[in-house]
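Just so you know, the sequences run in chain order A and B.
Read in order, the letters of the first sequence are residues 0 to 573 in our numbering.
Read in order, the letters of the second sequence are residues 227 to 302 in our numbering.
A virtual CB, placed ideally from N, CA and C, is assigned to each residue, including glycine.
Below is one structure; the comments refer to it alone.
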Amino acid sequence: MLDRLLGLETEYAIRFTPAPGSPAADNDVIYDAVRSAVDSLVFTRRGDGAREQYFVENGGALAYEFLPGAPDGGLVEGATPECRGPAECVLYQRAQDALLADALPIAERLLAEQGRPGSLGLLKNCRDAEGHVYGVQENYETELARGPALWLWRAGLVALVPVIAACALASWVTILVFLSLWLLAVAAVGLASLVSPRLRQRDLLSEILMSGPSRRFERVLGQIEYVLHGHIVWAPVLWPFLALVRLTAFRAVRRHALAFLLSRPILTGAGSLAADGSFGLSEKGPAMRRLVRLWVGQRDRAVFDGGNLCKPLLRMTYFDLRRFFQLFRRRQRMQLGLADANMAQVAEYLKVGTTALVIDMAEAGALHGLPRLRHPLRALRAIIADPSLQVRVEVQAGATMRAPMRAIDIQRAYLERARAFVARASVTSLEAADLVGLWSRTLDALEALAARGAAARAALIGQLDWVTKRYLLDTAGAGASPAARKKIDLKYHELGAGYFARFEAEDLAPRLWSTADIARARHEPPSSSSARARSRVIRNLGRRETAVKVSWDRIRLGRPIGGTVIRLDAYRDS
Amino acid sequence: MSHAVQRSLQRSLEHVGVAAGSERAAEGVGPGDAQPAHALRDVHARASEVVAGIAADAAVDPELYLRTTVVPEGGE
Chain A
0 MLDRLLGLET EYAIRFTPAP GSPAADNDVI YDAVRSAVDS LVFTRRGDGA REQYFVENGG
60 ALAYEFLPGA PDGGLVEGAT PECRGPAECV LYQRAQDALL ADALPIAERL LAEQGRPGSL
120 GLLKNCRDAE GHVYGVQENY ETELARGPAL WLWRAGLVAL VPVIAACALA SWVTILVFLS
180 LWLLAVAAVG LASLVSPRLR QRDLLSEILM SGPSRRFERV LGQIEYVLHG HIVWAPVLWP
240 FLALVRLTAF RAVRRHALAF LLSRPILTGA GSLAADGSFG LSEKGPAMRR LVRLWVGQRD
300 RAVFDGGNLC KPLLRMTYFD LRRFFQLFRR RQRMQLGLAD ANMAQVAEYL KVGTTALVID
360 MAEAGALHGL PRLRHPLRAL RAIIADPSLQ VRVEVQAGAT MRAPMRAIDI QRAYLERARA
420 FVARASVTSL EAADLVGLWS RTLDALEALA ARGAAARAAL IGQLDWVTKR YLLDTAGAGA
480 SPAARKKIDL KYHELGAGYF ARFEAEDLAP RLWSTADIAR ARHEPPSSSS ARARSRVIRN
540 LGRRETAVKV SWDRIRLGRP IGGTVIRLDA YRDS
Chain B
227 MSHAVQRSLQ RSLEHVGVAA GSERAAEGVG PGDAQPAHAL RDVHARASEV VAGIAADAAV
287 DPELYLRTTV VPEGGE
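Structure representation (structure tokens):
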């Protein structure tokens, strides 16, 4: 029980305010400074891949996450190492947050040395002032399918092989065409400069290759490549593959845990102030368009995000058969897109812990007969739009309609099932028993909040993010301008200097982990074998100049040919 | 997870309820638990101080803060 591999991926928004009279800095430049700062605090090693990714000594990773059309406007992405159980996962998330918070003043100094003095911050949230959505994804190692569904999955993968081969070939043709066009364009500009003195004077070739216009060109080229490669060339593979995902993957969890997941924001929502001034429970929730991803596009946000399963297919462009074969395994990484970034440790622990427990129950077949949502996405929108917790959503049991239920009632139904599940387990799990107790106490407090309103919310301040943020908006934000209230909404999430951090610093928010535990977790790996092996290599090498490339599933020591490869578990593929 | 870390978590979970109780004073709702009055007054004072600090900070050029935190849509 609670013994599966899991991890969190968190995108941190970058805030940089240049000192008066100083130039702004692009986010890729800021990321470089943050990465160098992190490197001065812990050992790091470059990831094995084209992506700008660095592994840190506890086995986790940092990366620069950006859209191809905006290489200068990306985010800092942190991924916890693979953890064994929810408590460990939250500890490593906290270690990552603390590491980045400590890196900020060092990064500020590095930027100042480069002639860019200013104030730097990282926001652990999911929605900016203009409503752009990014943020957190939760990962749980889960049984993809069993019996006939698993064989259908595998047969579908085999059937896709000829199409994959054709798409890989088409990919290479488009890459070669692009390269040729680029070389032709450079040659044409070079020739024109020779002929025309005006063009020669402007040194157009240098402009294209080196300076500002090159960045614009890079953006356009990146966007074209992204659309052509991801959306057109690979469409014949991705459409049927995502249909196969919908048909076969994680059906037990999707069917029996959906009502839990969609009512979960009452525990785990970060709270969000909309443009019209209304307050909702979740930052990510309003962006959900589907239950299961239908396409790889950014806007196709889904509760169950199969995007990670698509990556091994796209890697076939480089004939990476190993990752493709990993798709045949029974247990895969299930990625949840409906996930808010939590500042409160209790909320984060409830998020990961209750979900892991419910997945345990789904896999054990212990969730049959629980209420199911009649209109899931409609129910989600209703629940997250109602901080009074009174709204009732339509549910059914089998084909029979039941009386509409509140999110608290749905959570209680899952809680009671979890209580029985933990009680009759053959091996007692202390963590599961504690978790059920915390879940129960929190629902009791939410029940009081629903009955008595703000007068009863004190028990949850510092524990649940949406309650704490609403309290701050009602007190610190009372009578403030809309912009100041939005600033409270956003700065609540800033690492180190944010508003929640002030609560924590004054011991007004309970901590599950001591500062010493968190400091230790920066350097030491969690208990999973992959993370331990990765961490051992990074720590043993220290700052030595050794050719080593690290990834989630293997470590390559020495040269690509003739070097040594250490294989790790295949929980993560990219 | 190591036993030391497990014990640390368990101790913390036991204290979550206590911390929650002390928060009642922060809103002036009244103690409702067995905490000493001076401890509750202390919590109340600290909470008021934090809220006042946040109110003052939020009023400082909020438009600039909002502008500098805008990011392009989702890298995820």
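Residue state for A:Leu5 is assigned as strand, using DSSP reduced to three classes. Within its own chain, the residues whose Cβ lies closer than 7 Å to the Cβ of A:Asp101, once the five positions on either side in sequence are excluded, are Leu40, listed in chain order. Taking the Cα positions, A:Thr79 is about 37 Å away from B:Ala271. Between A:Thr16 and chain B, the shortest Cβ-Cβ separation is below 9 Å. Under the Cβ criterion (8 Å, minimum of three pairs), the stretch 231 to 248 of chain A counts as touching the stretch 152 to 163 of chain A. Residue range Leu74 to Ala78 is occupied by the beta strand (DSSP E) that includes A:Gly77. At a cut-off of 9 Å between C-beta atoms, A:Ala431 does not count as an interface residue with respect to chain B. Non-local beta-carbon contacts of A:Ala343 in its own chain, meaning distances under 8 Å to residues more than five positions away in sequence, involve Gly461, Gln462, Leu463, Asp464, Thr467, Phe499 and Ala508 in chain order. The residues Leu260, Lys283, Gly284, Met287 and Val302, in chain order, have a CB closer than 7 Å to that of A:Leu337 in the same chain once the five nearest residues on each side in sequence are set aside. In chain B, no part has a C-beta under 7 Å from the C-beta of A:Asp25; the shortest such distance is about 12 Å. Under a criterion of Cβ atoms nearer than 8 Å, no residue of chain B is adjacent to A:Thr563; the nearest Cβ is some 30 Å distant. At a cut-off of 9 Å, the C-beta of A:Ser387 has no neighbouring C-beta in chain B. In this structure, B:Thr295 sits away from A:Asp31, with a CB-CB distance that is not shorter than 9 Å. Flagged as an interface residue toward chain B: A:Tyr498, by a C-beta distance shorter than 9 Å. In this model, A:Lys490 and A:Trp171 are separated by some 45 Å (Cα to Cα). Distance between A:Leu149 and A:Val157, taken at the CA atoms: about 13 Å.
Taking the CA atoms as reference points, A:Pro116 sits about 29 Å from A:Glu56. Here the C-alpha atom of B:Leu292 lies approximately 19 Å from the C-alpha atom of A:Ala477. Here DSSP, grouped into helix, strand and coil, assigns A:Leu290 to strand.
Under the DSSP assignment, A:Val392 falls in the beta strand (DSSP E) whose first and last residues are Arg391 to Ala396.
Taken in chain order, the complete alpha helix (DSSP H) segments of 4 residues or longer contained in the stretch 390 to 447 of chain A are 406 to 422.
The DSSP-derived three-state label of A:Arg332 is strand.
At a Cβ-Cβ threshold of 9 Å, A:Leu567 and A:Val351 do not count as neighbours. When Cβ-Cβ separations below 9 Å define contact, A:Ser528 makes no contact with chain B.
In terms of CA proximity to B:Ala285, A:Arg484 leads the group A:Ser387, A:Arg484 and A:Lys548. For A:Leu143, the secondary structure class from DSSP, reduced to helix, strand or coil, is coil. The closest CA to that of A:Ala431, considering only A:Leu180, A:Leu356 and A:Arg322, is found on A:Leu356.
A:Ser118 and A:Pro17 have their C-alpha atoms roughly 6 Å apart.
When the five nearest sequence neighbours on each side are left out, the beta carbons in the same chain lying within less than 8 Å of the beta carbon of A:Tyr225 are those of Leu66, Pro67 and Gly68, in order along the chain.
Classified as exposed, A:Ser387 has fewer than 16 neighbouring CB atoms from the shown chains inside 10 Å of its CB. Judged by DSSP in its simplified three-state form, A:Cys88 adopts helix. In this structure, A:Gly77 is the residue among A:Arg50, A:Gly77, A:Gly368 and A:Arg3 with its C-alpha nearest to the C-alpha of A:Ile13. Of all alpha-carbon atoms in A:Ala361, A:Asp443 and A:Gly134, the one lying nearest the alpha-carbon of A:Gln297 is that of A:Gly134. In the DSSP assignment, A:Gly306 falls within the alpha helix (DSSP H) that extends over Gly306 to Leu313. According to the DSSP assignment, A:Arg535 belongs to the alpha helix (DSSP H) that extends over Ser528 to Leu540. Look at the stretch 486 to 497 of chain A: the residues with a C-beta under 8 Å from a C-beta of chain B are Lys486, Ile487, Leu489 and Lys490.
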